[in-house]
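Residue numbers (this note's numbering), protein chains in the order written: chain A, 17 to 301; chain B, 89 to 324.
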């Protein structure tokens, strides 16, 4: 596995000369950026588990799509995930204690039923390979078409612009939902919007890191940033930068060393988190 | 003219009435304390006033004031304990109710936030992180945020919970100053001593309304004596 630095860069520029590699890099950094922005409000509102729950639901939805032999499964997976996102957000608000149990139940059920469906009905010759790539991300990231890239770029721009426009309101609702509501903000609408955006990001991100690891993209950057930074704007910016850097570096490393892409990106996030933790310890906080 | 008028109001949740037969008014400059035992419906009434829940029956009218013009000091939540935000960011968020269609904070918003921080004596804390402040300082920050949202009426929910006596006294002093400057106050509190020291009016509720009127009249009533008067445990 040991290669020299010059060899590494030679490899790198060789890889970058392929358009599909550039596509993959663009898509992965954009998804990572969106996930980290939304992650800030989810982590602070104690909703981290939503990402986890939803990704399992999306896995179930992919299973359904594959049973029907749909080639473009986004149109099944996205609506199902959005409905689940709204449902989970509702249930967690109404009944605080049972909410997390409901999510645990929904997510494992979706996982189990999805696997069951794929096994019973699938016409594919390589069932476990399919399942594995859905769970942990696949090399299909390197088979992205120009259309896929445009789709992702448009959606992520919408997410990022929405986030910037709503930034102050998102802060107010995240910090104190009751105050925001009492001062006349339509907090339900914002929560619905956030739920829809999360669903979007998860469906997009599943291609990148797979359904088991997508919540890492949501929670890690924020948790890392919170180790070092004391203000909201700083946490948002730092988590965005961290996430983009980790996605980029993880992607490159996974190509150079032929490791699984999703797992490498998540590992990069873990390393950054541990690094930031050590730094914050040293600074004595 | 009264900002808030309640006529025969019933408050509660979908599964039942918590308190009913509530009649009171809050006028400009009033300082109303809502007292009552635990579970008497103080918080439920307050949430109804804020529009967080709907009244079950009866009338609740706002006059010369909109919901958005009511400043609110909620109890602290778990989320806020480790929230990475500076004092300035939090105080500024109080101006959002005035922002209307602006996407970002305007110059006036920022000036208002600065002026209010000056007024409440937290200017030197503005770059500090909220989670590193003491309980009393945090409460001050949230009060500053509330006055950024209002010039008319403040609703305070158990504002001195968990504060030590010195900080409590300081806090009541600040609220009194705000009241003297013309802002009406509605305070939900366990602290009977503070209620009868600072309030101009008292609303005492249980399953039904036990008393509403001026403080001096309240001191003569059975409701006051029943809760233990000044000799009761609430005083401490």
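The beta carbon of each residue, even a glycine, is placed where N, CA and C say it ideally should be.
Problem set entry | Alpha-carbon to alpha-carbon, residue 83/A and residue 227/B | 56 Å
Exercise. Using a C-beta cutoff of 8 Å, does residue 181/A count as contacting chain B?
Worked result: Yes, contact with chain B.
Exercise. Beta carbon of residue 306/B, beta carbon of residue 290/B: below 8 Å?
Worked result: yes
Exercise. Going by the CB atoms, is the gap between residue 28/A and residue 268/A shorter than 8 Å?
Worked result: yes
Exercise. What are the residues that DSSP puts in a beta bridge with residue 217/B?
Worked result: 174/B
Problem set entry | In DSSP terms, what residue 245/B is bridged to | Paired residue(s): 276/B.
Exercise. Does the region 66-75 of chain A touch the region 119-127 of chain A, meaning 3 or more C-beta pairs lie closer than 8 Å?
Worked result: yes
Problem set entry | In DSSP terms, what residue 147/B is bridged to | DSSP output for residue 147/B lists 95/B as bridge partner(s).
Problem set entry | Start-to-end residues for the alpha helix (DSSP H) that takes in residue 223/A | 203-225
Problem set entry | Cβ neighbour criterion (16 or more within 10 Å) applied to residue 35/A | Residue 35/A should be labelled exposed.
Problem set entry | Cβ separation of residue 215/B and residue 174/B, assumed to be a contact under 8 Å, to the nearest whole Å | 6 Å
For this session: Grab the span of the beta strand (DSSP E) containing residue 161/B for me, first residue to last.
Result: 158-161
Problem set entry | Residues, ordered as in the chain, of the region 225-245 of chain A that lie near chain B by beta-carbon distance below 9 Å | For the region 225-245 of chain A, which is checked against every Cβ of chain B, the residues closer than 9 Å are 241, 242, 245.
Exercise. Would you report the Cα separation of residue 165/A and residue 33/A, rounded to the nearest angstrom?
Worked result: 17 Å
Exercise. Can a CB atom of chain A be found closer than 8 Å to the CB of residue 210/B?
Worked result: no
For this session: Answer yes or no: does any C-beta atom of chain A fall closer than 8 Å to that of residue 239/B?
Result: Contact of residue 239/B with chain A is not assigned, every C-beta pair being separated by 8 Å or more.
Exercise. At least one CB of chain B closer than 8 Å to the CB of residue 43/A: is that the case?
Worked result: Chain B contact via Cβ: absent.
For this session: Going by DSSP, name the residue or residues bridged to residue 120/B.
Result: 274/B, 289/B
For this session: Measure from the C-beta of residue 292/A to each C-beta in chain B and report whether the shortest distance is under 8 Å.
Result: So no, residue 292/A is outside the interface.
Exercise. Are any of the Cβ atoms in chain B nearer than 8 Å to that of residue 199/A?
Worked result: yes
Problem set entry | Integer-rounded CB distance, given that residue 129/B should sit under 8 Å from residue 337/B | As displayed, chain B neither begins before 89 nor continues past 324, which places residue 337/B out of reach and without an answer.
For this session: Identify, in the order they occur along the chain, each residue of the same chain with its Cβ nearer than 6 Å to the Cβ of residue 113/A, setting aside the five sequence neighbours on each side.
Result: Reliability of the predicted coordinates at residue 113/A is poor, the pLDDT of 46 falling under 50, and no value is obtained from them.
For this session: Just the C-alpha distance for residue 168/A and residue 217/A, rounded to the nearest angstrom, thanks.
Result: 10 Å
Exercise. Between which two residues does the beta strand (DSSP E) carrying residue 302/B extend?
Worked result: 297-302
For this session: Check whether the Cβ atoms of residue 179/B and residue 136/B sit closer than 8 Å, and answer yes or no.
Result: The answer is no: Cβ separation not under 8 Å.
For this session: Could you tell me how far apart the beta carbons of residue 96/A and residue 77/A are, in whole angstroms, since I believe they sit closer than 8 Å?
Result: 4 Å
Exercise. With 16 other CB atoms within 10 Å as the buried threshold, where does residue 329/A fall?
Worked result: The first residue shown for chain A is 17 and the last is 301, placing residue 329/A beyond what the model contains.
Problem set entry | Exposure of residue 243/A, with buried meaning 16 or more beta-carbon neighbours within 10 Å | buried
For this session: Please decide whether residue 188/A counts as near chain B, where near means a Cβ-Cβ distance under 8 Å.
Result: yes
Exercise. Relative to the C-alpha of residue 79/A, which residue among 297/A, 211/A, 259/A, 130/A is closest?
Worked result: Looking at the Cα atoms, 130/A is the closest of the given residues.
Exercise. Can you tell which of 276/A, 193/A, 202/A has the C-alpha that lies nearest to the C-alpha of residue 166/B?
Worked result: Among 276/A, 193/A, 202/A, the Cα nearest to that of residue 166/B is on 193/A.
Exercise. Cβ atoms of residue 151/B and residue 90/B: under 8 Å apart, would you say?
Worked result: yes
Exercise. Under 8 Å between the Cβ atoms of residue 237/B and residue 199/A?
Worked result: In terms of Cβ geometry, residue 237/B and residue 199/A form a close pair [threshold 8 Å].
For this session: Only counting runs of 4 or more residues, tell me where the alpha helix (DSSP H) segments fall wholly within the region 42-94 of chain A, in order along the chain.
Result: 64-83
Exercise. Do residue 272/B and residue 241/B have their C-beta atoms within less than 8 Å of each other?
Worked result: yes
Exercise. Cβ of residue 202/A less than 8 Å from any chain B Cβ?
Worked result: no
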